[in-house]
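Colleague: Using numbering that gives the first Met the number 0, the letters of the sequence shown correspond one by one to residues 0 to 45. We treat Cβ as the ideally placed atom computed from N, Cα and C, and that holds for glycine. One structure, pasted below without further comment.
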Amino acid sequence: MTGSETDAQSGSLGRDDAASIPLRVAPMLMLGLSILVLVILYVTTT
Numbered sequence: 000m001t002g003s004e005t006d007a008q009s010g011s012l013g014r015d016d017a018a019s020i021p022l023r024v025a026p027m028l029m030l031g032l033s034i035l036v037l038v039i040l041y042v043t044t045t
């Protein structure tokens, strides 16, 4: 079990840099999706 634990720790350390990019993009994606939904609702209701 110790081997899997060390692998998970090294994997998490290696993923920190890669995870920082989605964390920055996620809010922009949420804003884009919300704007798209608002535009679609506005177009369909009018």
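1) For T43, name the three-state secondary structure that DSSP assigns.
2) Do you know how far the Cα of R23 is from the Cα of L40?
3) Taking the C-alpha atoms as reference points, what is the distance between S19 and A25?
Modeller: Reading from the atomic positions:
1) Annotated three-state conformation of T43 is helix, per DSSP.
2) Near 27 Å, if we compare the C-alpha coordinates of R23 and L40.
3) Looking at the two C-alpha atoms, the distance is approximately 10 Å.
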